[in-house]
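Residue numbers (numbering that gives the first Met the number 0), protein chains in the order written: chain A, 0 to 169; chain U, 0 to 129.
Glycine included, each C-beta is placed from N, C-alpha and C at the ideal position.
Since the model is a prediction, treat every value here as computed from it, not as a measurement.
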Amino acid sequence: MAKNIMIFEKVVRIYKDNIYGFLLKTLRNPEDAEDLTQEVFLAFYKHMKNVKKDSYKAYLFQTAYHKALNHIKKQKQNKTYTQADLLNISQPEEDKNNLAVKEKTIKTALAKLPPKYQLILELQFYQNLSYKEIAKILNTSVSAVDSRLVRAKKKLKKIISQDFPTLMSN
Amino acid sequence: MKKRCKWTKKINAYLDKEIDSKQIDFIDKHLKQCSECKIKLIELQELNSALEDVHIQPAPSYLEQRILANAREVNPTPRGLIKIPVAASVVAALVLGFIFSTQTFSDYTSQENFTLGTNTIYSYLEGTEK
Chain A
0 MAKNIMIFEK
10 VVRIYKDNIY
20 GFLLKTLRNP
30 EDAEDLTQEV
40 FLAFYKHMKN
50 VKKDSYKAYL
60 FQTAYHKALN
70 HIKKQKQNKT
80 YTQADLLNIS
90 QPEEDKNNLA
100 VKEKTIKTAL
110 AKLPPKYQLI
120 LELQFYQNLS
130 YKEIAKILNT
140 SVSAVDSRLV
150 RAKKKLKKII
160 SQDFPTLMSN
Chain U
0 MKKRCKWTKK
10 INAYLDKEID
20 SKQIDFIDKH
30 LKQCSECKIK
40 LIELQELNSA
50 LEDVHIQPAP
60 SYLEQRILAN
70 AREVNPTPRG
80 LIKIPVAASV
90 VAALVLGFIF
100 STQTFSDYTS
110 QENFTLGTNT
120 IYSYLEGTEK
């Protein structure tokens, strides 16, 4: 058991930034991201014995994915944060080349996507996971991951060209 | 209506290097002739680069300690360490139980022998008196 604790500590050390980063990007709230990161690792700790060593990463992301999805769904019932964010960033037109503005714009556009698209893009771009790894996390096929990514990007592009037409033209 | 090129669907996987080398070679050549796929590639490259501009923020330094503390709360003592005292107490209880029962039995039998012996003496004495 002492060995299990040592393994758990190592897992926390290796993946805490990835899981936190994933949750922060999808939830856009540091406190929620911290809470859910703790929940993810606690769930892992409880089931660690039943998880194969080569599936630790997939298990963590799978748990984080489902927790984020549930959280976003709950949040969307009573939140209109995307409109508020939109008002904030539509002002500095002259700063369109500014990286910070661009980043904020992308974040806002991502926030307008359905949760399943946000999460899959997050897994690919910010966690640098392969289609195979994403498929394992989402419990689906590699071709389904490909299709969902294509749809997610298509939708994201539509949002950007509608709401932030200047972004993609530079 | 113009028919769409079937390879446009593969451009995303091509860009992500998620197809085999044979298909990569084919699409490399195909892109030189197909403007539809070329446009798709440029669009996706733009989108990917915009997505890559968003930076990842590392977890706050205290989070690791908080996670580990939470895990310890769930299982404050390692199971292996619980098993040893439990097993030791069970063994101790069995040994003590055995010793106690043996002693009580011997006490009982010795007392019974004593009583039996006394009675025999009494009856003997009574018999001799008669």
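Nearest residue (CA-CA) to residue i, options the options
i	options	result
T36 of chain A	U:D27, U:E63, U:V94 and U:D15	U:E63
I55 of chain U	A:E121, A:G20 and A:P29	A:G20
E33 of chain A	U:K37, U:Y61 and U:D52	U:Y61
S160 of chain A	U:I26, U:S34, U:E45 and U:A68	U:E45
E121 of chain A	A:Y64, A:M5, A:T104 and A:K48	A:Y64
K66 of chain A	A:L137, A:F124 and A:K51	A:L137
V39 of chain A	A:K51, A:K2 and A:F7	A:F7
D162 of chain A	A:A108, A:H46 and A:N127	A:A108
Y116 of chain A	A:K106, A:Y125 and A:A151	A:A151
I18 of chain U	A:Y125, A:N127 and A:K131	A:K131
I10 of chain U	A:L41, A:K157, A:V149 and A:P164	A:V149
K156 of chain A	A:Y125, A:K111 and A:A134	A:K111
Residue environment, residue i, which counts as buried when at least 16 other CB atoms sit within 10 Å
i	result
I13 of chain A	exposed
A12 of chain U	buried
V11 of chain A	buried
R147 of chain A	buried
A93 of chain U	As written in the sequence, residue 93 of chain U is Leu, which differs from the Ala given in the question. That one is exposed.
Q32 of chain U	exposed
V89 of chain U	exposed
Q123 of chain A	buried
Q102 of chain U	exposed
F99 of chain U	exposed
L95 of chain U	exposed
M52 of chain A	The sequence shown places Lys at residue 52 of chain A, rather than the Met named in the question. Classification of K52 of chain A: exposed, given that the 10 Å Cβ count is below 16.
Practice problem: Taking 8 Å as the threshold, find out whether the region 8-26 of chain A comes into contact with the region 59-71 of chain A through three or more Cβ pairs. | Solution: yes
Practice problem: Scan the region 36-69 of chain A for residues whose Cβ lies nearer than 7 Å to a Cβ of chain U and list them as they occur along the chain. | Solution: T36, Q37, F40, L41, Y44 and K45
Quiz prompt | Selection of the region 108-123 of chain A by Cβ proximity to chain U, strictly under 9 Å | solution = A108, L109, L120 and Q123
Exercise. Return the residues of the region 37-55 of chain U that lie within a Cβ-Cβ distance of less than 9 Å from chain A, sorted by chain order.
Key: E42, L43, E45, L46, N47, A49, L50, E51, D52, V53, H54 and I55
Quiz item: Along the region 2-31 of chain U, what residues have a CB closer than 8 Å to any CB found in chain A?
Solution: K8, N11, A12, D15 and E17
Exercise. Select from the region 122-145 of chain A all residues with a C-beta closer than 8 Å to any C-beta belonging to chain U, and list them in chain order.
Key: Q123, F124, Y125, S129, Y130, V141 and D145
Quiz item: Closer than 9 Å, Cβ to any Cβ of chain U: which residues of the region 8-27 of chain A, in chain order?
Solution: E8, V11, R12, K15, D16, N17, I18, Y19, G20, F21, L23 and K24
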